[in-house]
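All residue numbers for the sequence shown refer to this note's numbering, where the first residue is 390 and numbers rise by one.
For glycine and all other residues, C-beta sits at the position ideal for the given N, C-alpha and C.
All figures in this text were calculated on a predicted structure; none of them were measured in a lab.
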Amino acid sequence: MKSHYYLAQALLPQRHVGEALSEAKHAYTTCLENKDSSAELIGQFILKAKQAQWQAKETARLRELNATQALVEDLLNQQLDRDKKDVEDRFARQEIGETGRREEIEELEREADERRSNIRKAFENSANPDTVERVVPDWLIDPITFEVMHDPVVTSTGVSYERTSLHRHIKAHGCDPLTRQPLKMDQLIPNVALKNACSEFLDKNGWAVDW
């Protein structure tokens, strides 16, 4: 178990996030099988690795977004140059006078500035996650620690908890946190559907780890 966890810790700073996450999950599973108290610590590491994985995707997304914005603005400038050349050509052919030439060019530049402003605003909204309200759904939160879950289990009452926090509660109190009725660890059922939902949410919203 320790070798997998240590390897995960070494891989994460090197940005081998996928490998680090895989090794950490292996260590976590081994801890659960051996009832090792390190499971909670490794569970927290898994959340941090998921956050790092999301951050890497977000960085790549922003890099691509910036490149796309630069391309769009370049195309806008090229179109402006063509339109202005068309005005200059018509002026050279004496189809329009000096006043008409100046007014048309000013109008083209005004329209281009407006389009450029709209483009930058649109890309800024796409790049800045703070423009969208960040909300962590209640079903993602462990009722004991009020932290994000990644390995939920459900009790006979239908309430789900993070596995390691509920294990700790049972060791200390020997009862269900809600009903105070006697509860043993072998009565807990993995909530697979919720676990998958938590994983999917964190993949898209890594910021939630620090909620």
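For residue i, the three-state DSSP class (helix, strand or coil)
i      : result
Ser554 : helix
Pro579 : strand
Ile619 : As shown, the chain starts at 390 and ends at 600. That puts residue 619 outside it, with no answer to give.
Val548 : coil
Gly525 : What sits at residue 525 in the sequence shown is Val, not Gly. Val525: coil per DSSP, three-state reduction.
Glu363 : With the chain covering only 390 through 600, there is no way to say anything about residue 363.
Asn594 : coil
Run of the beta strand (DSSP E) containing residue i, from where it starts to where it stops
i      : result
Val542 : 541 to 543
Selected residue, minimal CA-CA separation from residue i, among the options
i      : options                        : result
Asn580 : Ala445, Ala481, Asp540, Asn466 : Asp540
Ala611 : Ile508, Leu583, Ala561, Gly407 : What is shown of the chain runs 390 to 600, which leaves residue 611 out entirely.
Leu401 : Thr544, Leu577, Trp528, Gln444 : Gln444
Glu500 : Asp470, Gln483, Cys587         : Asp470
Tyr395 : Arg450, Asn423, Gly486, Phe434 : Phe434
Lys593 : Glu513, Leu436, Ala413, His405 : Leu436
Asn517 : Ala399, Ile431, Arg452         : Arg452
Gln398 : Phe590, Ala438, Leu421, Trp596 : Ala438
Leu591 : Gln442, Lys473, Leu421, Leu497 : Gln442
Asn618 : Lys391, Glu412, Arg450         : No answer is possible for residue 618: the residues shown for the chain start at 390 and end at 600.
Range of the contiguous alpha helix (DSSP H) that encloses residue i
i      : result
Val406 : 406 to 423
Asn517 : Per DSSP, Asn517 belongs to no alpha helix (DSSP H) and is neither H nor E.
Trp443 : 428 to 481
Gln398 : 391 to 400
Per DSSP, the bridge partner or partners of residue i
i      : result
Cys564 : Pro571
Ile530 : Val537
Open item on the list: Under 8 Å: do the region 457 to 464 and the region 566 to 575 share three or more Cβ pairs, one atom per stretch?
Closed with: no
Open item on the list: Tell me whether the region 545 to 560 and the region 523 to 534 touch, counting them as touching only if at least three CB pairs, one residue from each stretch, are closer than 8 Å.
Closed with: yes
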